[in-house]
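Residue numbering for the sequence shown follows this note's numbering, beginning at 16 and increasing consecutively. Where a beta carbon is used, it is the ideal one built from N, C-alpha and C, also for glycine. Some notes on the structure that comes next.
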Amino acid sequence: MKYQDEEWAADPLDTNEDDFTLSPVKDLFPSVSGHDRQEVAENVYPHFSYEVHNNTMWKLLKLSEERFSKDFSEAPHFQTRGSRISKQTPTKCSIYLNTISETVRKRIRQTEWLYIKFVDTPYERPKDHATGSINRPDLVALQIWEKDPEIPENKFWSALEATGELKSSHRDSRGAFAQARSYVGFLLQARPDLTTGLGIYAEEEGFKLILHNSFGSFGTKLCSWTAQADIALLCAWVWRLYEPIIPDLTIIRTIIRPAADAVECIPPTFDIETPDGLFQDCSIRTVGGHFGRRTIVLDTKIPGTVIKEQYVDPSRRYEEGQTLERIHQEGIFPGVVRVGYSGPVPGTTMKYDKKWKVQAGLEQIVPEDASEKVKMRLVLRDAASPLLDAKTPQDVLIAIYDLLEGK
Numbered sequence: 016m017k018y019q020d021e022e023w024a025a026d027p028l029d030t031n032e033d034d035f036t037l038s039p040v041k042d043l044f045p046s047v048s049g050h051d052r053q054e055v056a057e058n059v060y061p062h063f064s065y066e067v068h069n070n071t072m073w074k075l076l077k078l079s080e081e082r083f084s085k086d087f088s089e090a091p092h093f094q095t096r097g098s099r100i101s102k103q104t105p106t107k108c109s110i111y112l113n114t115i116s117e118t119v120r121k122r123i124r125q126t127e128w129l130y131i132k133f134v135d136t137p138y139e140r141p142k143d144h145a146t147g148s149i150n151r152p153d154l155v156a157l158q159i160w161e162k163d164p165e166i167p168e169n170k171f172w173s174a175l176e177a178t179g180e181l182k183s184s185h186r187d188s189r190g191a192f193a194q195a196r197s198y199v200g201f202l203l204q205a206r207p208d209l210t211t212g213l214g215i216y217a218e219e220e221g222f223k224l225i226l227h228n229s230f231g232s233f234g235t236k237l238c239s240w241t242a243q244a245d246i247a248l249l250c251a252w253v254w255r256l257y258e259p260i261i262p263d264l265t266i267i268r269t270i271i272r273p274a275a276d277a278v279e280c281i282p283p284t285f286d287i288e289t290p291d292g293l294f295q296d297c298s299i300r301t302v303g304g305h306f307g308r309r310t311i312v313l314d315t316k317i318p319g320t321v322i323k324e325q326y327v328d329p330s331r332r333y334e335e336g337q338t339l340e341r342i343h344q345e346g347i348f349p350g351v352v353r354v355g356y357s358g359p360v361p362g363t364t365m366k367y368d369k370k371w372k373v374q375a376g377l378e379q380i381v382p383e384d385a386s387e388k389v390k391m392r393l394v395l396r397d398a399a400s401p402l403l404d405a406k407t408p409q410d411v412l413i414a415i416y417d418l419l420e421g422k
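This is the structure we're talking about:
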């Protein structure tokens, strides 16, 4: 599967009669295998990874130290637990994070029946990723019900709340941190109900917090396990696992708890509310890149109907839905998908303040000029496949014939 999406294709022609020119060609990035974490991390993330100061991470989390102090008279003291991570094993790290999670949950008076649990997964591969990825984070965060506190044996990407990676002896800090960043991108591909993903990288000396959205992957400098200001930021990061940043409230994720004697576990599904109706039990069909438009296509229970979602600049000249409607305005045009509904998803506008200080390396570039994005949703009445997915010459000829027939 190729990483690059239509996000980085050249803009269409400007048909202004007085100034017929081409828009500047946007930068292209290498095509990579979407399921290959190492390939994605090494070839894509260097262009979108930024190091931010703690005060910038507070802004990205959309929390402030002032608001934080209202619920936390002072940052919880975990120096003892922090110092115990001398050899940094997943178990100790999870214990530490779960202590913070329980403290945060009590302080913000979150619902009694739900809490965030960090679970070690060094030898487990979460299932059901649309790319077929077999990536294996060292730890993950899950939603756990008090009435059913047992950790599920089968873990699905679409059931994860956050991912974590620990520095190991065979990998340097830079490589391990890049790995931690990429896991958050894979997580966000499996969660259409989230606009922002969170992750953590940990080592003996400290930890780095990761926030991932369509603008890029933002990571802090190394924070200390014993500095109260850093622990306060860690608590705020956990807070956002209970109260996600700009969630898509039109999507409800359904996690099915299997019975004790169940032969097969069912991955989570998504109920999506649109002006075109409620689509229940949707599942992810395909995903685009980790950044930019972050396209996700979901199958519905209605044969041939899919839902396509992507993050776009609201000021762009052309919208996909309007383009498709124009193509079909004289009647159904063969070979082109029909659109049932298209429009922005309420409450999903994301803004990026370019004045925030970020440290970028020589390989890093600003992927685009947009400082604002909104999630666009299309209900498509046809489930199309790329021409290159055709398995036989006959399939190719049929597709080309359909296109020629519409001329």
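Where the alpha helix (DSSP H) containing residue i begins and where it ends
i      : result
PHE192 : 188 to 204
CYS297 : Run containing CYS297: none in the alpha helix (DSSP H); it sits in the beta strand (DSSP E), 292 to 302.
LEU256 : 243 to 257
Residue i, enclosing beta strand (DSSP E) - first and last residue
i      : result
GLU334 : Taken as a continuous stretch (DSSP letters only), GLU334 belongs to no beta strand (DSSP E), as it is neither H nor E.
LEU393 : 387 to 395
LYS223 : 221 to 228
LEU75  : Here LEU75 belongs to no beta strand (DSSP E); instead the alpha helix (DSSP H) covers 69 to 75.
TYR367 : Per DSSP, TYR367 belongs to no beta strand (DSSP E) and is neither H nor E.
ARG268 : 266 to 269
ALA145 : First-last for ALA145: undefined, no H or E at that position.
THR235 : 231 to 235
TRP432 : Residue 432 is absent from the structure shown; the chain starts at 16 and stops at 422.
LEU313 : 311 to 314
ALA398 : No beta strand (DSSP E) holds ALA398; DSSP gives it neither H nor E.
LEU175 : 175 to 181
PHE285 : 284 to 289
GLY212 : 212 to 217
LYS428 : Absent from the structure is residue 428, since the part of the chain shown begins at 16 and ends at 422.
Inter-residue CB distance, residue i and residue j (contact presumed, cutoff 8 Å)
i      : j      : result
ALA191 : TYR216 : 6 Å
PHE294 : ASP208 : About 13 Å separates the two Cβ atoms, so there is no contact after all.
LYS236 : GLU66  : 6 Å
GLY214 : TYR198 : 6 Å
ARG300 : ASP291 : Between ASP291 and ARG300 the Cβ distance is about 18 Å, and since that is not below 8 Å, they are no contact.
LEU256 : ILE131 : 5 Å
MET72  : LEU224 : 6 Å
TRP254 : ILE123 : 6 Å
ILE115 : LEU249 : 6 Å
THR210 : ILE260 : 7 Å
Beta-carbon spacing of residue i, residue j below 7 Å
i      : j      : result
CYS280 : ILE287 : no
VAL394 : THR363 : no
SER173 : ARG196 : no
LEU78  : ALA251 : yes
LEU129 : VAL155 : no
THR320 : ARG268 : no
ARG308 : GLN325 : yes
LEU203 : THR178 : no
PHE171 : PRO137 : no
VAL119 : ILE166 : no
PHE63  : PHE306 : yes
VAL351 : GLY336 : no
heavy atom of the ligand FAD below 6 Å from residue i C-beta
i      : result
LYS236 : Only the bare structure without any ligand can be found here, which leaves the ligand FAD out of the picture.
With 16 other Cβ atoms within 10 Å as the buried cut-off, status of residue i
i      : result
THR146 : buried
LEU264 : exposed
LYS406 : exposed
TRP160 : exposed
PRO39  : Low local confidence applies: a pLDDT of 44 at PRO39 is under 50, so the model's placement there is unreliable, and no value is given.
PRO283 : buried
ASP153 : buried
GLN94  : With a pLDDT of 47 at GLN94, under the threshold of 50, the modelled position of that residue is not reliable, and no figure is offered here.
ASN150 : buried
GLN344 : exposed
ILE415 : exposed
ASP245 : buried
ILE317 : exposed
HIS185 : exposed
ASN70  : exposed
GLU32  : Caution is warranted here: a pLDDT of 39 is assigned to GLU32, below 50, making its placement in the model unreliable, and the coordinate value is therefore given only provisionally. With fewer than 16 other Cβ atoms within 10 Å, it is exposed.
GLN194 : buried
ILE322 : buried
ILE413 : exposed
ILE100 : The predicted position of ILE100 is uncertain, since its pLDDT is 41 and thus under 50; a value taken from the coordinates is nonetheless stated next. Label assigned to ILE100: buried.
Minimum Cβ-Cβ distance from residue i to chain C less than 7 Å
i     : result
VAL67 : The chain inventory of the structure shown lacks chain C, comprising one protein chain alone.
Mind pulling the beta strand (DSSP E) runs of 3 or more residues that sit fully within the region 110 to 137? Complete beta strand (DSSP E) runs here, min 3: 129 to 135.
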